[in-house]
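In full-length UniProt numbering, the protein residues as written are 1 to 891.
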């Protein structure tokens with residue numbers, strides 16, 4: 001592979017061929033001699049790796065040593081003539097071998113008939129297996145190579161990188177001539193096929209370098225992307241050295257440096273993966289990230305874990321390599337393959353023009369003479385959405401001149417105006433900001449954003465680095481603006497068009513997580529940075545305050561919806577006070593939905609959508625009522641009861657029967673449920689009576705009951721262990737509980753409602769499955785004392801690598817005379833059932849629960865009282881509950 005100013009020098013201290021031949025001659029067990037040599041070789045290489053030797057010496061050194069060993073092994077067999085040769089192909093053909101890389105060999109025959117060599121071939125291959133080599137081999141004649149290479153892109157790619165290890169060199173030379181671009185796979189066809197191959201490979205990894213557990217070989221920016229550049233250059237230019245590549249204009253010296261440094265780093269990681277696993281491994285799993293970070297000398301700091309520091313370095317390298325790959329392949333296509341095409345040029349201004357749908361500078365000194373053009377280019381693309389991208393040579397010039405963006409550049413009013421004009425342009429702003437980030441401009445213009453580039457958060461909740469998450473958030477805001485966004489995000493898609501100034505949302509999105517990785521509260525740190533940005537860019541004090549408020553409170557809405565009882569009028573009033581007005585509320589809603597969706601694809605579901613929609617609707621109603629007029633709880637309950645009574649006739653329920661039933665429910669019941677839910681439950685109870693069996697109602701979400709999850713209502717005799725038994729039974733069904741409302745009527749019957757989703761985070765709609773749930777729960781809950789088995793499924797591999805200490809926070813809900821227990825604990829199967837059992841043991845009554853699973857941890861909130869219905873205020877009982885939860889869940 002192409003390396004920057006590097007030449008491998010054979011090192012006989014790694015392998016002394018003369019000494020090895022002597023040992024082989026003196027031994028009666030050649031297999032043992034070869035095995036010992038391989039073992040000693042690997043031990044030397046590993047020791048040098050751990051001592052910090054140049055990784056290139058180790059990777060090429062191992063290949064060189066194997067060359068010697070294979071050559072000696074080849075000599076042990078008699079070959080009748082010069083009609084056969086042993087070739088290294090693929091990665092080994094490039095002279096690259098990691099500890100457990102496949103050793104790809106081609107046994108090349110001059111003629112199709114392999115009969116004269118068959119005995120030797122069988123013996124040679126068997127011997128290599130016996131000495132423990134992991135080989136991949138093929139036996140082909142010259143005619144086979146030509147035929148198979150013509151038909152299969154993988155074969156010709158493998159054969160392009162070949163070296164003769166033993167036998168006559170003229171066979172390989174003959175093969176090379178047969179495979180030349182004049183004979184088959186000309187440069188343009190080879191390039192197009194390899195490009196499509198890369199597109200498909202990148203698609204398998206979501207076209208992103210930012211994965212929690214990336215594949216260092218196949219993910220975007222990985223070793224395959226480096227090899228892709230080499231394959232294209234080699235096919236077009238033939239055998240070459242790095243000086244020739246630069247001379248041909250395919251790369252410049254700076255780009256070779258990026259390529260070489262990135263490859264060296266990835267080689268170090270790959271070597272470590274192989275060494276630690278004792279086998280070939282290209283996946284940078286959680287199991288390995290911590291060990292490699294320690295091996296590479298990273299140590300935890302108060303601001304950042306060692307693993308996060310290591311992964312930031314990884315992401316920065318692969319991002320640079322992915323960008324270089326894109327640019328070089330585009331450059332190859334534009335300048336080399338399409339050089340003969342007649343240009344179709346459309347001038348934009350004195351500095352830029354469009355060529356073939358791509359923007360380019362009109363002369364090479366544009367950025368030097370006018371540095372502001374580094375921002376102007378992206379503004380023009382936003383203003384002209386038909387532009388497909390940036391020409392490769394212009395990307396190269398951007399990278400070569402981005403050093404011009406310094407403090408004086410950032411303080412220049414002209415440049416500040418250009419950036420704000422971009423944010424106000426009305427085009428696809430996120431697309432341009434992503435391009436700015438790809439080309440290294442965004443982090444230069446906003447240094448605080450540059451600090452977040454490649455910053456990983458080591459958990460299963462945040463799937464992306466801070467910069468990637470931020471740009472995804474902006475991408476979702478853009479999606480809200482487009483027609484197709486209305487189907488998945490109806491409220492956000494409506495509100496985004498009503499926001500007075502969309503640029504304020506772009507700024508808030510850019511800065512909402514920018515304070516991460518510095519220690520302290522990232523929301524507060526981000527608000528300070530956002531304020532400085534707004535003041536530097538001339539925003540009004542009012543707009544500046546709004547942006548800073550959005551950044552500082554960007555988590556408030558999701559926390560309130562997921563952790564507070566939003567059926568409580570006091571909670572709504574408190575949240576409305578924090579919002580101040582409908583403008584703040586609408587901006588925050590759109591930002592919150594985009595933030596959740598961009599954090600983890602599995603987070604956004606109908607349940608969370610329903611929570612946020614309900615919170616937004618009730619808060620807007622409170623704001624319109626006036627902040628000085630707090631919602632009256634009695635009035636809310638009375639309105640719900642009256643509206644439900646008006647609906648009785650539509651379903652054929654007798655008013656007197658309903659009133660008699662409702663008399664035992666209490667006012668809190670009518671605070672918690674919408675009138676349509678009250679009717680659904682009332683009808684079910686009246687139709688079920690009299691019966692001692694539990695009543696179980698299961699209903700998928702409907703338009704008038706839009707909870708976003710499947711609703712399960714349980715009406716049965718109240719017993720101590722009912723919640724724990726219900727949680728265990730639902731775990732058995734593969735259901736996850738996301739919300740629970742627990743109530744008991746005055747005649748000691750439960751009115752328990754659960755919102756559940758399946759393992760994929762989706763509501764259950766299939767009638768047969770709903771009936772299965774209903775039947776199973778009736779069977780398990782007809783005698784809760786016969787406790788259902790708590791699920792004991794194995795904890796997933798990923799979860800095992802996160803040690804989340806259980807945290808229990810206890811506070812009082814004075815308005816509702818109950819105690820709030822917030823639990824943060826490691827996620828595990830059966831967790832909720834275990835919590836329910838602890839409540840039962842501690843004589844605690846549960847009135848409501850909000851359940852949230854965030855990656856490797858749960859953040860659940862329980863609203864509890866003692867058995868007498870009083871809040872849990874005794875410090876000793878609180879301490880006992882905290883201790884039991886921690887000792888049970890930390891196991």
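Even for Gly, the Cβ is constructed at its ideal location relative to N, Cα and C.
>> Using CA atoms only, rank isn't needed, just tell me which of 142, 183, 109, 224 is closest to residue 167.
In response: Translated into the one-based positions of the chain shown, residue 167 becomes position 167. Ranking the options by Cα distance to residue 167, first place goes to 109.
>> Going by DSSP in three states, residue 162 sits in which element: helix, strand or coil?
In response: For the purposes of this step, residue 162 is taken as residue 162 along the chain shown, with counting starting at 1. Three-state result, residue 162: strand.
>> Are the CB atoms of residue 844 and residue 872 within a distance shorter than 8 Å?
In response: Taking the chain shown and counting its residues from 1, the one referred to as residue 872 is at position 872. Taking the chain shown and counting its residues from 1, the one referred to as residue 844 is at position 844. For residue 872 and residue 844, yes; Cβs fall inside 8 Å.
>> Here's a check: name, in chain order, each residue in its chain whose Cβ is nearer than 6 Å to the Cβ of residue 291, leaving out the five neighbours to either side.
In response: Reading the chain shown from its first residue, position 291 is the one you call residue 291. So the qualifying residues of the chain are 276.
> Pick from 767, 732, 762, 774: whose alpha carbon is nearest that of residue 832?
Replying inline: Taking the first residue of the chain shown as position 1, residue 832 is located at position 832. The shortest C-alpha separation from residue 832 is found at 732.
>> Using C-beta distances below 8 Å, list every residue in its chain close to residue 33, excluding the 5 sequence neighbours before and after it, in chain order.
In response: The sequence position of residue 33 within the chain shown is 33, counting from 1. Contacts found: 20, 23, 24, 27.
> Cα-Cα, which of 734, 599, 278 is closest to residue 468?
Replying inline: Indexing the chain shown from 1 puts residue 468 at position 468. Closest by alpha carbon: 599.
>> Could you tell me which whole beta strand (DSSP E) segments of length 3 or greater appear in the region 652-692?
In response: Inside the region 652-692, DSSP marks no whole beta strand (DSSP E) run of 3 or more residues.
> Are residue 181 and residue 235 touching if we call contact CB-CB under 8 Å?
Replying inline: For the purposes of this step, residue 181 is taken as residue 181 along the chain shown, with counting starting at 1. For the purposes of this step, residue 235 is taken as residue 235 along the chain shown, with counting starting at 1. Taking 8 Å as the Cβ cut-off, residue 181 and residue 235 qualify as a contacting pair.
> Going by other Cβ atoms of all chains shown within 10 Å of its Cβ, with 16 needed for buried, is residue 627 buried or exposed?
Replying inline: As a position in the chain shown, residue 627 is number 627, starting the count at 1. Exposed, by the Cβ-count rule.
> Grouping DSSP H, G and I as helix and E and B as strand, with all else coil, what is residue 513?
Replying inline: As a working mapping, residue 513 is identified with position 513 in the chain shown. Looking at residue 513 - three-state DSSP - the assignment turns out to be coil, as it is neither helix nor strand.
> For residue 329 versus residue 195, is the C-beta distance shorter than 8 Å?
Replying inline: What you label residue 329 is simply residue 329 of the chain shown in a count that begins at 1. What you label residue 195 is simply residue 195 of the chain shown in a count that begins at 1. A contact, by the Cβ cut-off of 8 Å.
> residue 716 to residue 661, Cα distance in whole Å?
Replying inline: Translated into positions along the chain shown, residue 716 becomes position 716. Translated into positions along the chain shown, residue 661 becomes position 661. Roughly 14 Å between the two C-alpha positions.
> Which residue comes first and which comes last in the beta strand (DSSP E) that contains residue 826?
Replying inline: The residue given as residue 826 occupies position 826 in the chain shown. Counting along the chain, the beta strand (DSSP E) containing residue 826 begins and ends at 818-826.
> Using 8 Å as the Cβ pair cut-off and three pairs as the minimum, do the region 584-598 and the region 552-559 touch?
Replying inline: yes
>> Counting C-beta neighbours from all protein chains within 10 Å, is the total for residue 640 16 or more, i.e. buried, or is it exposed?
In response: As a first step, residue 640 must be located in the chain shown, where it is residue number 640. Classification for residue 640: buried.
> Does the distance from the C-beta atom of residue 375 to that of residue 419 stay below 8 Å?
Replying inline: If you number the chain shown from 1, residue 375 lands on position 375. If you number the chain shown from 1, residue 419 lands on position 419. Yes, Cβ-Cβ distance for residue 375 and residue 419 is below 8 Å.
> In chain order, what residues of the same chain lie with their CB nearer than 6 Å to the CB of residue 116, ignoring the 5 residues before and after it?
Replying inline: The sequence position of residue 116 within the chain shown is 116, counting from 1. If we look at residue 116 and ignore the five residues flanking it on each side, its Cβ neighbours are 80.
>> Which same chain residues end up closer than 6 Å to residue 17 when comparing Cβ atoms and leaving out the 5 residues on each side of it in sequence?
In response: Reading the chain shown from its first residue, position 17 is the one you call residue 17. 68, listed in sequence order.
>> Considering just the uninterrupted stretch of the alpha helix (DSSP H) at residue 46, what are its terminal residues?
In response: Locating residue 46 in the chain shown gives position 46, counting from the first residue. Where residue 46 is concerned, the enclosing alpha helix (DSSP H) stretches over 30-50.
> What residues in its chain sit with their C-beta under 6 Å from that of residue 860, if we drop five residues either side in the sequence?
Replying inline: As a position in the chain shown, residue 860 is number 860, starting the count at 1. Within the same chain, residue 860 has close Cβ partners 823, 851.
> Where do the ends of the beta strand (DSSP E) carrying residue 848 lie?
Replying inline: Counting from one through the chain shown, the residue named residue 848 turns up at place 848. Run containing residue 848: 844-850, per the beta strand (DSSP E) assignment.
> Mapping DSSP to helix, strand and coil, what is residue 462?
Replying inline: Counting from 1 along the chain shown, the entry for residue 462 is found at position 462. Three-state DSSP puts residue 462 in coil, outside helix and strand.
> If you draw a straight line from the C-alpha of residue 471 to the C-alpha of residue 841, how long is it?
Replying inline: Translated into positions along the chain shown, residue 471 becomes position 471. Translated into positions along the chain shown, residue 841 becomes position 841. The straight-line gap from Cα to Cα measures roughly 48 Å.
>> Does the contact criterion of 3 or more C-beta pairs under 8 Å hold for the region 187-203 versus the region 280-299?
In response: no
> By the 10 Å Cβ neighbour count, where 16 or more other Cβ atoms means buried, how is residue 141 classified, buried or exposed?
Replying inline: Locating residue 141 in the chain shown gives position 141, counting from the first residue. So residue 141 counts as buried.
> According to DSSP, is residue 577 helix, strand or coil?
Replying inline: As a first step, residue 577 must be located in the chain shown, where it is residue number 577. Helix, per DSSP.
> Considering only residues of the region 384-417, which uninterrupted alpha helix (DSSP H) runs meet the minimum length of 4 residues and lie entirely inside it, listed in chain order?
Replying inline: 392-401, 407-411
> Looking at C-beta atoms only, is the number of pairs between the region 680-698 and the region 642-660 that lie closer than 8 Å three or more?
Replying inline: The answer is yes - the region 642-660 touches the region 680-698, with three or more Cβ pairs under 8 Å.
> Counting pairs of beta carbons, one from the region 393-407 and one from the region 352-372, are three or more of them closer than 8 Å?
Replying inline: yes
>> Under 8 Å: do the region 617-631 and the region 569-587 share three or more Cβ pairs, one atom per stretch?
In response: yes
> Given 8 Å as the limit, is there contact between the region 28-47 and the region 246-260, that is, 3 or more CB pairs closer than that?
Replying inline: Cβ pair count under 8 Å is below three, so no.
>> Once DSSP output is grouped into helix, strand and coil, what is the label at residue 8?
In response: Translated into positions along the chain shown, residue 8 becomes position 8. Three-state DSSP puts residue 8 in coil, outside helix and strand.
> Is there contact between the region 542-554 and the region 720-730, where contact requires at least three CB pairs shorter than 8 Å?
Replying inline: no
> Quick check: the region 505-517 against the region 527-537, are there 3 or more CB pairs under 8 Å?
Replying inline: yes
> Does DSSP put residue 742 in a helix, in a strand, or in coil?
Replying inline: By 1-based counting over the chain shown, the position of residue 742 is 742. Correct three-state label for residue 742: coil.
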